[in-house]
Each structure stands twice: as C-alpha cells, then as structure tokens.
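Residue numbers (my numbering): 407 to 1076. We put the beta carbon where it would ideally sit given N, CA and C, even for glycine. Structure first, commentary second.
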Amino acid sequence: MLASQLVLLACVWARLADAVTIYNVKTTKAIATSDAYAAVSTLAAYDQTVLTSPSPPSPAITNNFLIQLYPGSMDGLSIKQSGAFMGFSIELSVVQTTLGKNSTHLLAPFLNYMANIRTRGGSVSIRVGGNSQDQSYLVSSDSIPNNGVISKQKQAGATTPTETPDVVFSSDLLTMMKNIGDLVNANFYFGLNFFNPDNETNAVLVAQTAEKILGDRLLGFQLGNEPDLYGSHGRRNSSYSMENYMNDYQTMINDLNGASLSNNQILIGPSTCCNWNETDIFNLGKSSPERYLTTYAANLKMVAVQKYPNDNCKINGNVHDPQETFSSYIGHGTVTNLAAQYITSSQMVQAAGKPFVLMETNTASCGGFPGISDSFAATMWAADLGFQFAFINFSQVLLHVGGQDTYYNPFTPPPTNLSTSFGWTTGAVYYSTLLIAEAFGKSGNAQIVDLYSNSNNDLTPGYAIYENGNPVRVVLFNYIDDSSGANDYVANIAIGGQQTGQPSTTPSSVQVRYMRAPRLGSHNVTWAGQSLGGELGSDGRLQGTQETVTIQCDTTAQTCAIPVKAPSIALVFFTNDALTESSPDATVTQTFPTTAVTNKPNKITVSVDPSVLSISNGRGAAEHDLLGSTSEGSVSSAPAQMQAGAAAIWSTFVALSAAFFLFSTGGFVR
C-alpha cells in the first residue's frame, strides 16, 4: 500500500515541481487557556475594551417610514462601481506575516479573507505600501534572510509617530503578489520609494521589475505617501512645500519615462492626507485649470488621497479618550462630514477623467482606538464610509492593515510565538468589506445613491444600488443601541407607484441579509448569521449557516416592509438575480481549507542583475542592524526558520499528499 502511494506521489511530483504551496492553515479555535491569552493581552489587536454607547434618542425615532425609489433612474446616482470597491492597504513592513513568507509559501487564512470578497464582488484590490514604502529598496534575494521577501531595518534620517522601519525586499515579493492575484483574482497597487527623487534609480528598477512580474495585476504605482508630512517627519527639510513636491514629482516622471515601461500612464498621486488641500495642488500656480491633473495627465492613472477621521498618535500630549470619542463614530453625519471635504476635488478629478481613490483609511491613524476600532460601531461606520465615498464618485476605498499592536486591523495573524497553535483574529471592519462587496455585486455597473431616509435622520441612513437604470438592492442602517425594541424601525420600500406618477415595479417579495451585534460596543459581529470567529480563532472562512430572510411584500399597498433592529444593517435584494450575483457559488470550492498546491506555478520569474542592484541605490541587509519590529502596530517577531532533516521530508510528504488528494478529487478549483 505504501509503495503504491509513493508511486502516485512521484507522479504528482512530476506535475508540481514548481508549484505554490499554501501553508499555515489551522482549524478554527477559540483562545484555549489563560496563559495563551496572557501572551497577547497587552497587544492592541486582542484588546477586550467595551465602551458604553450613547443613550437612545428621546423622543424615539420615527419608526415607520416610506422609502420611495424610481424605476428607470434616480437623481444623484454615482458613477459605476465594482464589487472590489472596498479593498485593503497592507503596510509593506508586515507583508511577510500577512501575505506569506515567499512566493511558494502563502498563508491560507489571508487567501480565504480575500476569496470571501472575490466570491461576492468578483475581485479584490490590495495596496502594498504605506509609510514603509518611502524608504524601501529592491535587493537581491540572497540579501533577505531565511528565504523571506523583506527585511526590516532601522529608519534612516526620518522620525514618524508610527516608528516605521525601512524595508528592503526582493523581487520574490512581487512574484508572491502575482501568485496571490492568480489564486483569488486580486489586483495590486504598489508604492515606489520617493525618498530622494534626484538619485532614485532603485525606484525605477522596482517599477520595471513590478511591471514585468505583475503584468495586468498591477493597478498602479503610488508615488509618494503623505508628502504633506515629509517636512515634519524628517523626510525632507522642514520647509518642504507643494512647489517642492511638484518638482520632485516631475523629476521622478522624467526618470520613469526613460525606463522603457510598457505603460507610462501608471502613476498615482498626490496621496496627501493632512497639511495640504489636494485642490490647492490641482490649482497650484495655474495658468490653466487643474494644473496637476493636466500637466501629469500622460503619466497619472489615478488620483489618490489618504484620510483618517481622527488620530491616536498622542503627539505633544494630545490624547483622545476613547469613551469620549466613541460617539463621533456613531451616525451618518460623521461620514457625510468627512466625505464633504472631497466633493469639490472629486468633481475636479471626474472632469479630468481620472479615478479617485481613498488609498488609505481606517478609524484613526496610529493604530486606531481601543473599544472603538474593533467594535460593531466601527463596522457600521466603515460600511457607511464605503457607500458615501462611492456616492461622491470615489472609485476605491482601502482599509489599512498594520501589525500586532493595532486596534483597527481587518484581520491579524497570530503572533509568531503562537502561530503553530492559534488562528487569526478578524477585526470589526472586515465585515464592512463583505457588506460592500455583496451590495455592489459583480456586474461592475452598480450606481449608489444616498436616500436621506427617514427625513435624513442621522441614525437611520440608507442607500440604494442601481444597475442598468433600475434599483436592485437597498442598504438600511440603524445606528441606535437599544435592545428594548423602542428604536427598531420598519422601512416601507416602494419602487414607482405611490405619488410618483409612474407604474409600480415593487416586487412581490424581497430577500434580506442582516449585519448584527448585541451592542454598538460589541466585538462579536455576524453577517447573515455567520461569523469569522473570535480572537485567535479564525482561518478566514465564514462559520455557520448563511441566513437570508424572505419578506413578502404588500401588493395592495405596493410596498415591502423591512424591519431593522437597533443596532443593525439590512441589505435588501429586490430580485433573485441580484441575490445570486452577490452570493458565493455553492457548487464551487471558494476557500483554502487545507494545504493546497496550484496547478499553475510561478510561471513568471524575473532575474535582476546583481550588478544593476549594486549601483541602483539599493542597500543590502548587511548595511544596517536588522529589526524585528515594524511601525507602531507591530511587535518584534522573526520568521520561523525552516526545519531541517526529517521535518523537511515530512512537510514535503504532507504537501504532496494534499496535492494528490486535491487533484484526484477536484477539491481545489482555480
């Protein structure tokens, strides 16, 4: 029997010699012992703080109201949006613990988190960059220890509140991204080093290498990360201005134009966040309108900004109390006020024919707040943010992902010392991305409109999603924390009919999925009756049975009465096609439940001449002391070294056995 198995495995080996193996898959479990919890209890990602919600409004809200939709079209519809609208911004310095160790060693929980979005929205968008991109360098693979793809080093010449390290990386990082993209239909933004534009041949080399490896998986190169903070953070002199930035940007464009890229219209900017208004950059020294947008039109693929509504950076003793701050995340006005800052710039970007991207956001910079960033209130806030920015014609919103000492992460891998025993931790805002993906669907034709429902009540907002001129879904929020039922409401939805002068197209029934938690401060969120487990308890797959409620409509009144409890979010589907489009295909394996081997291995490999690297401003790992920490939002941790001898043989046997099982049963589907 063993001999026959070995023969079969040998046959499989011939097919899989260069395959990508997906590691680090564990069964879902809760934190089993107090000792295990003690090991992580001081880290923000596992914080247990529960805050007190604001009292329900007095008097109670109007709890029965009409939402009037119109067949054919509706005033104020957004541009067409895709189901990948809300994606993820991964800090470069944490990719090795989040995406995978290298191009042949991917982390299955991460793939599962991405696959959840892909199966609902069609694809997923991922940015790799952040503070750590601006002093990152491409080096040869043998400069990275332990077969990894990055190495972190002491930050040179800059001081930031997040204490972000410099990062060197090999081209295998890009190959790893490409492999992930092929597995879960992910597309990538990548950040280029913008530290010294007058001598940045390494950034040009990165652009050339990334284009070759990522191909059409490359969405664009972000050139500069929050340049309006360069002066205060020591990346430029303290007087660094918008004019200086424009000159630096032009210098880099000149270098990239000489790099023989297949597509020069690949850059993203200005990616400002704080001290400069992007409209001022657009109009800077204008002899014609929108100078930035017109001058760089041939190179600029997208326009980007970065924005957090608050910060937990504690600069100059400025400390925000989470309990006092909690209410600023509860209610529609917190989101519309944030979006209002970008209405003018969005109109300018649309006029220039460019997509507008919120390249990085989350609940608060410098890691978020305890009790806020990991609460159901944050789930509702992030979802509302996504719908609102889609409504004002942004094309993408990316939620930032940091390290272990971060409150706001959509997902967090276990600390290295617990990685063999425990699962990942799913953050509150990850559930928001599931809702957005299902609400927008896979068609690429979703158009969003704010309904200003219930007389524009701040606590009961709603949005409609149109496709091809007709409403297909509605999203209803109830921000009130009240288990008594006094602030539950019923939204009566009508399509045409009523006083519109149009014939009614209200369906005879609708289907509804609910996002719920016991309280606004709760950590245990469910989406359509499913969850992704608690702290250290997830493999990235939804647990439980999906619940979809069918509601019969009143054909006489020509309305559909949708109950929305306090607090919760309801997603209403008007047609079976709309529901099917947004739902995972139950007949196809969509997740990565075990070690899996792709049937299309690293088919793209790019060799970088070491002599080119040596003169391209790159820095080898030996030039600086290595650090095991990343930006504030991480803890010291080094990748576990590969086991030798018998352990290596056993790993090969397990991978081959799983591969044979998957190929023989069809259990792994691309």
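To the nearest angstrom, how far is the alpha carbon of residue i from that of residue j?
i	j	result
E941	F491	27 Å
S531	D453	28 Å
A984	G847	8 Å
R879	L865	20 Å
M658	L804	25 Å
A897	G739	20 Å
S734	S499	30 Å
P636	I550	Per the sequence presented here, residue 636 reads as Tyr, with Pro not at that position. The straight-line gap from Cα to Cα measures roughly 28 Å.
P477	P462	35 Å
S447	G950	27 Å
A892	P924	15 Å
D604	G536	21 Å
G597	G528	24 Å
Y702	L620	24 Å
A451	S910	49 Å
N1023	N670	The predicted position of N1023 is uncertain, since its pLDDT is 39 and thus under 50; no value can be drawn from it.
T962	L625	50 Å
P990	T525	5 Å
L358	I467	No answer is possible for residue 358: it lies beyond the span of the chain, which begins at 407 and ends at 1076.
M480	V545	53 Å
W933	P973	13 Å
I672	S495	18 Å
A845	T912	19 Å
F795	A609	31 Å
L764	A870	22 Å
F775	P728	6 Å
L667	L611	10 Å
I674	S859	36 Å
S838	A783	11 Å
V741	N552	44 Å
F817	V807	7 Å
I957	S915	6 Å
A444	D622	45 Å
Just list the residues that DSSP pairs residue i with in beta bridges.
i	result
Q936	W933
A852	Q487
V955	V918
F575	L544 and I556
L475	I901
I496	V534 and V807
Y595	R533 and G626
Q502	For Q502, which the question treats as bridged, DSSP gives no partner whatsoever.
S771	D717
F817	T832
Q949	S937
S801	For S801, which the question treats as bridged, DSSP gives no partner whatsoever.
S944	W830
Any idea what DSSP makes of residue i, helix, strand or coil?
i	result
I871	strand
L544	strand
N823	helix
A972	coil
V763	strand
A963	coil
V880	strand
F979	strand
Y895	strand
T387	Absent from the model: residue 387. The displayed extent of the chain is 407 to 1076, so no value can be given.
F998	coil
P776	coil
N863	coil
A451	helix
Q539	helix
N608	helix
N602	coil
N469	coil
S988	helix
Q908	coil
T812	coil
Below 7 Å, is the gap between the Cβ of residue i and the nearest heavy atom of the ligand GDP?
i	result
Q949	The ligand GDP is not among the ligands present in this structure, which contains no ligands whatsoever.
Can you list the alpha helix (DSSP H) stretches of 4 or more residues lying completely in the segment 697-761, in chain order? 697-701, 728-731, 738-746 and 749-757
What are the uninterrupted segments assigned as alpha helix (DSSP H) that are 4 or more residues long and contained completely in the segment 610-695, given in chain order? 648-663 and 684-688
Counting pairs of Cβ atoms below 8 Å between the segment 613-622 and the segment 638-654, do you hit three or more? no
Is it true that the segment 815-830 meets the segment 897-915, where meeting means three or more beta-carbon pairs spaced less than 8 Å apart? no
Quick test of the definition: if touching needs 3 or more C-beta pairs under 8 Å, does the segment 828-838 touch the segment 777-796? Because the criterion of three Cβ pairs below 8 Å is met, the segment 828-838 and the segment 777-796 touch.
Does the segment 761-769 touch the segment 710-718, meaning 3 or more C-beta pairs lie closer than 8 Å? yes
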